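Undergrad:
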Amino acid sequence: MERYYFGKREQGKEESVEEYITSLSKLAASCKFGALVDERIRDQFVLKCSSDKIREELWLKDEPPLEEVILVAKRVEHMMREMCDVLYTRSLHAITWIRKGNRVTCGDGWIGKTDGWGG
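Residues in the sequence shown are numbered consecutively from 658, following my numbering.
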């Protein structure tokens, strides 16, 4: 039954790489995978991680060890978080930017015509 739960375990949308790997490791401990434990955790991680970008990066590698999978996944996760921060900051500036004559609003989801940056 433990292997069933291990095989069904997917990464949650808000779950970090570290949290997911830790959870898989705990589940694997009771599955008696023996010498294949790292390989099984690696395969489960690649198959069920919630990020297509992480999965794409890992599929480019030829059966990397678990340690490399974790490093790559954390690097991609960090990069994606940085990109989201930049995009979020840019969108805040675009939403709050108002120009006389060519107004930009966000309240109704309508963004007016602009002739400067952001439009």
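Just so it is clear, CB atoms sit at the ideal spot from N, CA and C, and this is done for glycine as well.
From a predicted model like this one, the values you see are computed outputs, not experimental measurements.
Taking the alpha-carbon of residue 729 as reference, which of 715, 737, 719, 739 has the nearest alpha-carbon?
TA: 715
Undergrad: Take residue 686 as the anchor and find which of 667, 704, 698 has the nearest alpha-carbon.
TA: 698
Undergrad: Just confirm the distance between the C-beta atoms of residue 666 and residue 681, as a whole number of angstroms; I'd bet it's less than 8 Å.
TA: 6 Å
Undergrad: Between residue 694 and the ligand FMN, is the CB less than 7 Å from at least one heavy atom?
TA: Looking at this structure, you won't find the ligand FMN or any other ligand, since it has none at all.
Undergrad: Can you tell me where the alpha helix (DSSP H) holding residue 680 begins and where it ends?
TA: From DSSP, the alpha helix (DSSP H) with residue 680 extends over 674-686.
Undergrad: By the DSSP assignment, the alpha helix (DSSP H) with residue 701 in it spans what residues?
TA: 694-705
Undergrad: With a cut-off of 8 Å on the beta carbons, I'd call residue 726 and residue 708 a contact; round off their distance for me.
TA: Actually they are not in contact, since the Cβ atoms of residue 726 and residue 708 sit about 13 Å apart, beyond 8 Å.
Undergrad: Residue range of the alpha helix (DSSP H) that residue 664 falls in?
TA: 659-665
Undergrad: In whole angstroms, give me the CA-to-CA distance for residue 636 and residue 677.
TA: Summary: the structure shown does not reach residue 636, with the chain confined to residues 658 through 776, and so no result is reported for it.
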